[in-house]
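Novice:
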Amino acid sequence: MLRIKKLDIFIAKQFGLLFVGTFFICQFVLMMQFLWRYIDELIGKGLTMDVMAQFFWYMGLMLVPQALPLAILLSSLMTFGNLGESSELTAIKAAGISLMQSFRSLIFITILIMFGSFYFQNNIGPKSNLKIAQLLISMKQKSPELEIPEGIFYDGIPNCNLYVQKKDLKTGKLYGIMIYRMTDSYEDAAIILADSGMLQSTAEKKHLVLSLWSGEWFENMQSSELAGSSSVPYRRETFISKKIILDFDGDFNMTDAASLSGNAKAKSLSKIYHDIDSINQQYDSVGRAYLNDVNIRFYGQMQIDKKDSLQEIKKGEKLNFDTLYNRLPHEKKLMALNQAQSTVQQELSDLDFKSMVTSDADYAIRQHKIEAINKFTLSLVCLIFFFIGAPLGAIIRKGGLGIPVFISVLVFITFFILDNTGFRMARSGMWAIWFGKGLAPAVLAPLAIFVTYKATNDSAVFNMDAYKEFFMKLLGLRQKRHIFGKEVIITAPAYAEDAERLATINEDVTAYNAEHKLVHLPNFVNVFFKYQPDHEIERISAELEEVIEDLSNTSNKYVLHDINQYPTLSTKAHTRPFERKWLNILAAIVFPVGTVLYLRMWRFRLRLFRDLKVIKQTNTDIINRIKEM
Numbered sequence: 048m049l050r051i052k053k054l055d056i057f058i059a060k061q062f063g064l065l066f067v068g069t070f071f072i073c074q075f076v077l078m079m080q081f082l083w084r085y086i087d088e089l090i091g092k093g094l095t096m097d098v099m100a101q102f103f104w105y106m107g108l109m110l111v112p113q114a115l116p117l118a119i120l121l122s123s124l125m126t127f128g129n130l131g132e133s134s135e136l137t138a139i140k141a142a143g144i145s146l147m148q149s150f151r152s153l154i155f156i157t158i159l160i161m162f163g164s165f166y167f168q169n170n171i172g173p174k175s176n177l178k179i180a181q182l183l184i185s186m187k188q189k190s191p192e193l194e195i196p197e198g199i200f201y202d203g204i205p206n207c208n209l210y211v212q213k214k215d216l217k218t219g220k221l222y223g224i225m226i227y228r229m230t231d232s233y234e235d236a237a238i239i240l241a242d243s244g245m246l247q248s249t250a251e252k253k254h255l256v257l258s259l260w261s262g263e264w265f266e267n268m269q270s271s272e273l274a275g276s277s278s279v280p281y282r283r284e285t286f287i288s289k290k291i292i293l294d295f296d297g298d299f300n301m302t303d304a305a306s307l308s309g310n311a312k313a314k315s316l317s318k319i320y321h322d323i324d325s326i327n328q329q330y331d332s333v334g335r336a337y338l339n340d341v342n343i344r345f346y347g348q349m350q351i352d353k354k355d356s357l358q359e360i361k362k363g364e365k366l367n368f369d370t371l372y373n374r375l376p377h378e379k380k381l382m383a384l385n386q387a388q389s390t391v392q393q394e395l396s397d398l399d400f401k402s403m404v405t406s407d408a409d410y411a412i413r414q415h416k417i418e419a420i421n422k423f424t425l426s427l428v429c430l431i432f433f434f435i436g437a438p439l440g441a442i443i444r445k446g447g448l449g450i451p452v453f454i455s456v457l458v459f460i461t462f463f464i465l466d467n468t469g470f471r472m473a474r475s476g477m478w479a480i481w482f483g484k485g486l487a488p489a490v491l492a493p494l495a496i497f498v499t500y501k502a503t504n505d506s507a508v509f510n511m512d513a514y515k516e517f518f519m520k521l522l523g524l525r526q527k528r529h530i531f532g533k534e535v536i537i538t539a540p541a542y543a544e545d546a547e548r549l550a551t552i553n554e555d556v557t558a559y560n561a562e563h564k565l566v567h568l569p570n571f572v573n574v575f576f577k578y579q580p581d582h583e584i585e586r587i588s589a590e591l592e593e594v595i596e597d598l599s600n601t602s603n604k605y606v607l608h609d610i611n612q613y614p615t616l617s618t619k620a621h622t623r624p625f626e627r628k629w630l631n632i633l634a635a636i637v638f639p640v641g642t643v644l645y646l647r648m649w650r651f652r653l654r655l656f657r658d659l660k661v662i663k664q665t666n667t668d669i670i671n672r673i674k675e676m
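According to the numbering used here, the residues represented by the sequence shown are 48 to 676, in order.
Take a look at the structure:
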């Protein structure tokens, strides 16, 4: 029997309130980011409020699947961060409830959100994407006076091609204008040149008024006497100021949805699979037609009767094209070469065109498959983000919007970079589709498992000292000794005994150097296969640390200075790479890992040799100072 505990309800309430708030915040941020991309399509277009309302409504619906994972990440991190900061999480653990048990209600809620996200992407999202695409295209077609580009011909106005050298966005003036105008036929075409001008819509938005200054008008004149079939010399007009009325419907008209039928984002999962089959079938027929054409043109056999074929077989002669070519006169040889070259160039052009057709099909299929996989991955990311956010919140134990927002942004940026990179590489065909779209979940899923494991075991993930120690050990770095004088000394050092022990250590170091010969390369077999622990250097290091511990109670500044010169000995790094024997054997087999570790170990041997020299010299200095005391 399923029993809902009060703790589950309490945590669910905490999460629910934060999730609603963070969702709207994330939705707002994503909408602003999307709006910034298309701000030029909205500003100055004279769009009505109902059109703007539609745009923002469908934009919000389109961005819901992207806002859900980020909201789950941020809200789960804040929920358990607040519980940890208020010591409620400690109380929960003290009551014998594990961290995974406290996750129980939120896991259930996250799974519901995950399935809801998939349903949204499959049923509501495609309609939203289709509507937003229609609106964006329709907005681009409105108010052409603001859309005229610089340096290229613009054909958005009926029966006109407009060229503008430069335009002033503040005043709306156009400079260096060239207009090619054609109404019925080429005979009545007109070319208009102007130094400057301005293009404006009429009040009813049914026409455009083109005001021109300092220009010329060139126009062909039709002759009515010859039934309008011939043209007389053109008419030339120089003007200082002139206005031209152009027909144009400036009202907002929604683009036909049929033109967006190839948009994969505007399709459900079943529609995507259906269209993939249709595209495959369509282009398979095109490919078969191309193949049949090639077979007929290049591999077709000549139709000859049996009598002719028998005669050729009896002759037993083989057709030699080089012999035939050499028999031709020089003029026909050149003709044959030119014809062959022309045929090859024609076939190359034909192949380029056919490859372009087939590449378009491949691109469309990839886009549909990417969108199909994206519906699953974007839903799965909701669950992955929860198992990143909730454990991190339990580890960090910081609520509010400070650290949680910072971590959430870092995780989301990582996801966005990986997902966008995988999408672009998969779309271009450089990566497999499953690899490109699965890259982000494949990278973040191990991170979620890692932080969940650390949180459930109360491990310190952000212990910087531990990471610092690990990397210093990996790179062979050491910290210097920092022994300071004590204000109150209870027990004074046994100077005489310490001096004798230091002298003994010097003798041991001398004997150790003579026996082990640290400067020479070690035996490869002994290092990786016949490891022998170095107990002698461990004993010398332990003995030296005891003396240093005793001398640290001294009040003599010179002795304190000398004991800070002692290096910290690495007693195992010079003997073998790993503690476990099988790892050493494996490292020796795998090239070049064994070689790198072998050279690294030799480096530690050389460092140990230098350290022992420093120890001997420091021992001698301290012994002399003790004698002077």
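For glycine and all other residues, C-beta sits at the position ideal for the given N, C-alpha and C.
1. Quick check for students: name the residue ranges of the alpha helix (DSSP H) that lie wholly in the segment 142-229, counting only runs of 4 or more.
2. Using the Cβ count rule (16 or more neighbours within 10 Å means buried), how would you classify Lys604?
3. Roughly how many angstroms separate the alpha carbons of Tyr337 and Pro639, rounded to a whole number?
4. Per DSSP, what kind of secondary structure is Ser308 in: helix, strand or coil?
5. So, with DSSP's three-state summary, where would you put Gly244?
6. Quick check on Phe66: buried or exposed, where buried means 16 or more other Cβ atoms within 10 Å of its Cβ?
7. To the nearest angstrom, report how far apart Tyr85 and Ile179 are at their CA atoms.
8. Under 8 Å: do the segment 77-84 and the segment 388-400 share three or more Cβ pairs, one atom per stretch?
9. Taking DSSP as the reference, what is the three-state secondary structure of Asn570?
10. Using only alpha-carbon positions, find the residue among Pro569, Glu593, Pro614, Arg657 that is nearest to Pro624.
11. Candidates Gln181, Ala241, Ile454, Pro173: which alpha carbon is nearest Ser317's?
12. Secondary structure at Ala550, three-state DSSP: helix, strand or coil?
13. Whole angstroms is fine: what's the gap from Lys60's alpha carbon to Ala473's?
14. Ignore the nearest five residues each way along the sequence and tell me which others in Ile292's own chain have a CB closer than 7 Å to its CB.
15. Can you give me the C-alpha to C-alpha distance between Ile464 and Ala487, rounded to a whole angstrom?
16. Tell me whether the beta-carbon of Leu121 lies closer than 9 Å to the beta-carbon of Leu130.
17. In terms of residues, what are the limits of the alpha helix (DSSP H) holding Phe531?
18. On the DSSP letters alone, give me the boundaries of the alpha helix (DSSP H) that Arg413 sits inside.
19. Given a threshold of 16 other Cβ atoms within 10 Å of its Cβ, counted over all protein chains shown, does Gly532 qualify as buried or as exposed?
20. With distances taken Cα to Cα, identify the nearest neighbour of Pro116 among Phe462, Ser133, Lys660, Glu562.
21. Between which two residues does the alpha helix (DSSP H) holding Val637 run?
22. Let me know if His608 comes out buried or exposed under the rule of 16 or more other beta-carbons within 10 Å of its beta-carbon.
23. Starting from Thr285, follow its DSSP beta bridges and name the residues at the other end.
24. Decide if the segment 318-338 is in contact with the segment 399-408; the criterion is three or more beta carbon pairs, one per stretch, under 8 Å apart.
25. Which partner residues of Ser258 appear in the DSSP bridge assignment?
26. Pull up the distance between the alpha-carbon of Ile412 and that of Ile326, whole angstroms please.
27. Between which two residues does the alpha helix (DSSP H) holding Phe102 run?
28. Let me know the secondary structure DSSP gives Ile326 once reduced to three states.
29. Compute the beta-carbon to beta-carbon distance between Gly449 and Leu124, rounded to the nearest angstrom, for a pair I have assumed lies under 8 Å.
30. Could you tell me which residues DSSP puts in a beta bridge with Ala237?
31. Would you decide whether Gly483 is buried or exposed? Buried here means 16 or more other CB atoms lie within 10 Å of its CB.
32. According to DSSP, simplified to helix, strand and coil, what is Lys314?
33. Mind reading off the beta-carbon distance from Ala502 to Leu153? Whole number of angstroms is fine, and I expect it under 8 Å.
34. Please state whether the Cβ-Cβ distance between Tyr613 and Arg525 is less than 9 Å.
35. So the alpha helix (DSSP H) Phe81 belongs to, where does it begin and stop?
36. Taking 7 Å as the limit between beta carbons, can you name the residues of its chain near Phe651, skipping five residues before and five after?
Specialist: In terms of the structure at hand:
1. 146-149, 151-166, 172-187
2. Sequence index remark: in the sequence shown, residue 604 carries index 557 (1-based). The residue is exposed, with fewer than 16 neighbouring Cβ atoms inside 10 Å.
3. If you number the sequence shown from 1, residue 337 lands on position 290. If you number the sequence shown from 1, residue 639 lands on position 592. Taking the straight line from one Cα to the other gives about 51 Å.
4. Residue numbering aside, residue 308 sits at position 261 when the sequence shown is read from its first letter. In the structure shown, Ser308 sits in coil (DSSP, three-state: anything other than H, G, I, E or B).
5. Taking the first residue of the sequence shown as position 1, residue 244 is located at position 197. Note: Gly244 maps to strand in three-state DSSP.
6. What you label residue 66 is simply residue 19 of the sequence shown in a count that begins at 1. Counting Cβ neighbours within 10 Å, Phe66 comes out buried, since at least 16 surround it.
7. Translated into positions along the sequence shown, residue 85 becomes position 38. Translated into positions along the sequence shown, residue 179 becomes position 132. C-alpha separation (whole angstroms): 11 Å.
8. no
9. Looking up residue 570 in the sequence shown gives position 523. Coil.
10. Counting from 1 along the sequence shown, the entry for residue 624 is found at position 577. Of the candidates Pro569, Glu593, Pro614, Arg657, the one whose C-alpha sits nearest the C-alpha of Pro624 is Pro569.
11. For the purposes of this step, residue 317 is identified with residue 270 of the sequence shown, where counting begins at 1. Looking at the Cα atoms, Pro173 is the closest of the given residues.
12. The residue you call residue 550 lines up with position 503 of the sequence shown. Residue state, collapsed to three classes: helix.
13. The residue given as residue 60 occupies position 13 in the sequence shown. The residue given as residue 473 occupies position 426 in the sequence shown. Distance between the alpha carbons of Lys60 and Ala473: 41 Å.
14. For the purposes of this step, residue 292 is identified with residue 245 of the sequence shown, where counting begins at 1. Only His254, Val256 meet the Cβ criterion.
15. Translated into positions along the sequence shown, residue 464 becomes position 417. Translated into positions along the sequence shown, residue 487 becomes position 440. The alpha-carbon atoms of Ile464 and Ala487 are separated by roughly 8 Å.
16. Here residue 121 corresponds to residue number 74 of the sequence shown, with the count starting at 1. Here residue 130 corresponds to residue number 83 of the sequence shown, with the count starting at 1. Not in contact: Leu121 and Leu130 (Cβ atoms no closer than 9 Å).
17. Here residue 531 refers to the residue found at position 484 when the sequence shown is read from its first residue. Careful: Phe531 lies outside any alpha helix (DSSP H) and carries neither H nor E.
18. Residue 413 sits at position 366 when you count from the first residue of the sequence shown. It spans 377-443 - the alpha helix (DSSP H) in which Arg413 sits, taken as one unbroken run.
19. Counting from one through the sequence shown, the residue named residue 532 turns up at place 485. Exposed, because fewer than 16 other Cβ atoms sit within 10 Å of the Cβ of Gly532.
20. Stepping through the sequence shown from its first residue, residue 116 is reached at position 69. Out of Phe462, Ser133, Lys660, Glu562, Phe462 has the C-alpha closest to the C-alpha of Pro116.
21. Walking along the sequence shown from the start, residue 637 turns up at place 590. Here Val637 belongs to no alpha helix (DSSP H), and DSSP marks it neither H nor E.
22. Stepping through the sequence shown from its first residue, residue 608 is reached at position 561. By the neighbour-count rule (16 or more Cβ atoms within 10 Å), His608 is not buried but exposed.
23. Your numbering for residue 285 matches position 238 in the sequence shown. Note: Thr285 sits in a beta bridge opposite Glu263.
24. yes
25. In the sequence shown, counting from the first residue as 1, residue 258 sits at position 211. Answer is Met245, Lys290, bridged to Ser258.
26. Within the sequence shown, the letter at position 365 stands for residue 412. Within the sequence shown, the letter at position 279 stands for residue 326. Their Cα atoms are separated by approximately 7 Å.
27. Translated into positions along the sequence shown, residue 102 becomes position 55. Per DSSP, Phe102 belongs to the alpha helix (DSSP H) from 96-132.
28. If you number the sequence shown from 1, residue 326 lands on position 279. Of the three classes helix, strand and coil, the one that applies to Ile326 here is helix, per DSSP.
29. Numbered from 1 along the sequence shown, position 402 holds the residue referred to as residue 449. Numbered from 1 along the sequence shown, position 77 holds the residue referred to as residue 124. Not quite, the Cβ-Cβ distance comes to about 11 Å (not below 8 Å), so this is no contact.
30. Mapped onto the sequence shown, residue 237 falls at position 190. Ala237 is bridged to Arg228, Glu266.
31. Start at 1 with the first residue of the sequence shown, and residue 483 comes out as number 436. Classification of Gly483: buried, given that the 10 Å Cβ count is 16 or more.
32. Mapped onto the sequence shown, residue 314 falls at position 267. Residue state, collapsed to three classes: coil.
33. Against the sequence shown, residue 502 aligns to sequence position 455. Against the sequence shown, residue 153 aligns to sequence position 106. About 13 Å separates the two Cβ atoms, so there is no contact after all.
34. Against the sequence shown, residue 613 aligns to sequence position 566. Against the sequence shown, residue 525 aligns to sequence position 478. Contact: no.
35. Here residue 81 refers to the residue found at position 34 when the sequence shown is read from its first residue. Per DSSP, Phe81 belongs to the alpha helix (DSSP H) from 53-84.
36. Within the sequence shown, residue 651 is the residue found at index 604, counting from 1. Here the set comprises Gly523, Ser617, Ala620, His621.
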